[in-house]
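Each residue of the sequence shown is one higher than the one before, counting from 1 in UniProt numbering. All residues carry an ideal CB built from backbone N, CA and C; glycine is no exception. Being a predicted model, the structure only gives us computed values, none of them experimental. First the structure, in the form of structure tokens, and then the observations on it.
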Amino acid sequence: MEPSVAVVGPGAIGTTVAAALHEAGRTPRICGRTARERLHLQGAAGRIVVPGPVRTEPAQAGGAVDVVFLAVKATQVEQAAPWLTALCGADTVVCVLQNGVEQGSLVAPHVPDARVIPSVVWFPAQARPDGSVWLRGTARLTLPDTPASRVACEALRGTWCSVELATDFLSVAWRKLLQNAVAGLMVLTGRRAGMFARTDIAELALAYLRECLAVARADGAMLGDEVPHEIVDGLRSGPADLGTSILADREAGRPLEWDTRNGVVLRRGRAHGIPTPISDLLVPLLAAASDGPG
1 MEPSVAVVGP
11 GAIGTTVAAA
21 LHEAGRTPRI
31 CGRTARERLH
41 LQGAAGRIVV
51 PGPVRTEPAQ
61 AGGAVDVVFL
71 AVKATQVEQA
81 APWLTALCGA
91 DTVVCVLQNG
101 VEQGSLVAPH
111 VPDARVIPSV
121 VWFPAQARPD
131 GSVWLRGTAR
141 LTLPDTPASR
151 VACEALRGTW
161 CSVELATDFL
171 SVAWRKLLQN
181 AVAGLMVLTG
191 RRAGMFARTD
201 IAELALAYLR
211 ECLAVARADG
221 AMLGDEVPHE
231 IVDGLRSGPA
241 DLGTSILADR
251 EAGRPLEWDT
261 RNGVVLRRGR
271 AHGIPTPISD
281 LLVPLLAAAS
291 DGPG
């Protein structure tokens, strides 16, 4: 029997996962803040329409499911907590499709009886002004190699969203965090990935990534010296108009995931006694851009 599935947060990431499930004949329950009759995803293979409706009240949840894909941002977990209460039972697996390396500690207090697993999301999906989502690459997730993760794998089995299990998930998660952290520079400039073609920005990005790398290693991640260059080279060789979710939030005037993506480097650096001079400057600026005042 196939697992029952709900997607909480039908934004860019949630819509992508919902579309993959729907295409495989396993349309999930969709839960969010805004009532919509259907979701739309535009990918390389064409347009996918996922039937709704999007449920907007936890009372409409329909009971516990086997797997919840939680696709809200770290700043929205408190708001999503009533959905987790309504959808989770003792055997539910909550797969957190969220940035950062602290997903478990952030979500677990809201679902004490469920099994929470973090993930690393490796696909560029962008929300469009009309509410549709543009998937600009292949959909792929990395999960820790645990029994709970295998339940989430089973939910996505046979879909075009591939899942890989990592024995050293910590290193994978920190690798992605470095990529997310350097994207904070886009917020402060109001520019997209094309800005990394500038030599001065590329050099600043490399210096910041080396700082992040030192913290990641102190935290237990096994990452090589080549990682900063790989990340910057990827940004420089990709589409110049490629954005990031934290830039989209800044442009829309929404709260930013500055603590999850950048503040964590500063906090963990201090805990390990590692100097983080770039973070000392960058993090307050991102926090002010997010939370003000002014």
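Give the straight-line distance between the Cα atoms of Ile231 and Glu37, rounded to the nearest whole angstrom.
-> Position 231 of the sequence shown, counted from the start, is the residue given in the question as residue 231. Position 37 of the sequence shown, counted from the start, is the residue given in the question as residue 37. Spanning the two alpha carbons is a distance of roughly 39 Å.
Are the region 221-231 and the region 194-213 touching by the rule of at least three beta carbon pairs closer than 8 Å?
-> yes
Helix, strand or coil for Ser162 per DSSP?
-> Translated into the one-based positions of the sequence shown, residue 162 becomes position 162. DSSP places Ser162 in strand when its eight states are reduced to three.
Span of the alpha helix (DSSP H) holding Gln103?
-> Counted from its first residue, the sequence shown places residue 103 at position 103. Gln103 -> alpha helix (DSSP H) spans Gln103 to Val107.
Determine the burial state of Ser119: buried for a count of at least 16 other Cβ atoms within 10 Å of its Cβ, exposed for fewer.
-> The count along the sequence shown starts at 1 and reaches residue 119 at position 119. That one is buried.
What whole-angstrom Cβ distance do Thr145 and Leu165 have, given they're in contact under 8 Å?
-> Here residue 145 refers to the residue found at position 145 of the sequence shown. Here residue 165 refers to the residue found at position 165 of the sequence shown. Reading off the sequence, residue 145 comes out as Asp, not Thr. Indeed they touch by this definition, with Cβ atoms about 4 Å apart.
Please list, in chain order, all residues of the same chain as Leu170 whose beta carbon is under 6 Å from its beta carbon, the five residues on each side excluded.
-> One-based indexing of the sequence shown puts residue 170 at position 170. Result list for Leu170: Gly220 and Ala221, in chain order.
Does the beta-carbon distance from Ala18 to Pro3 come in below 7 Å?
-> Working through the sequence shown from its first residue, we reach residue 18 at position 18. Working through the sequence shown from its first residue, we reach residue 3 at position 3. No, these two residues do not count as a Cβ contact at 7 Å.
Cβ-based neighbour list, Ala207, same chain, cut-off 7 Å, excluding 5 preceding and 5 following | Numbered from 1 along the sequence shown, position 207 holds the residue referred to as residue 207. Cβ within range, chain order: Ile278.
Does the separation of the CB atoms of Gly52 and Ile30 fall below 7 Å?
-> Taking the first residue of the sequence shown as 1, we reach residue 52 at position 52. Taking the first residue of the sequence shown as 1, we reach residue 30 at position 30. Cβ distance < 7 Å, so Gly52 and Ile30 count as in contact.
Candidates Val94, Val151, Pro58 and His110: closest to Met1 by CA position | Mapped onto the sequence shown, residue 1 falls at position 1. When only C-alpha atoms are compared, the closest one is Val151.
Ends of the alpha helix (DSSP H) at Trp213?
-> Taking the sequence shown and counting its residues from 1, one reaches residue 213 at position 213. Correcting the residue type first, residue 213 is Leu in the shown sequence and not Trp. Its alpha helix (DSSP H) spans residues Thr199 to Ala218.
Candidates Glu154, Asp259, Arg268 and Trp134: closest to Gly11 by CA position = By 1-based counting over the sequence shown, the position of residue 11 is 11. Among Glu154, Asp259, Arg268 and Trp134, the Cα nearest to that of Gly11 belongs to Trp134.
Of the residues Arg254, Met195 and Gly269, the one placed nearest Asp233, counting alpha carbons only | Mapped onto the sequence shown, residue 233 falls at position 233. Of Arg254, Met195 and Gly269, the residue nearest in Cα terms is Met195.
Look up Ile274 in the DSSP assignment and say whether it is helix, strand or coil.
-> Within the sequence shown, numbered from 1, the residue matching residue 274 stands at position 274. Coil at Ile274, not helix or strand.
Where does Ser105 land, buried or exposed, given buried means 16+ other C-beta within 10 angstroms?
-> The residue given as residue 105 occupies position 105 in the sequence shown. With fewer than 16 other CB atoms across the displayed protein chains lying within 10 angstroms of its CB, Ser105 is exposed.
State yes or no: is the C-beta of Val72 within less than 7 Å of the C-beta of Ala61?
-> Walking along the sequence shown from the start, residue 72 turns up at place 72. Walking along the sequence shown from the start, residue 61 turns up at place 61. Not in contact: Val72 and Ala61 (Cβ atoms no closer than 7 Å).
Excluding sequence positions up to five away, which residues of its chain have a Cβ less than 8 Å from the Cβ of Gly238?
-> Taking the first residue of the sequence shown as 1, we reach residue 238 at position 238. Once the five neighbours on either side are set aside, the close Cβ partners of Gly238 are Ala193.
Mapping DSSP to helix, strand and coil, what is Arg267?
-> Locating residue 267 in the sequence shown gives position 267, where the first residue counts as 1. Looking at Arg267 - three-state DSSP - the assignment turns out to be helix.
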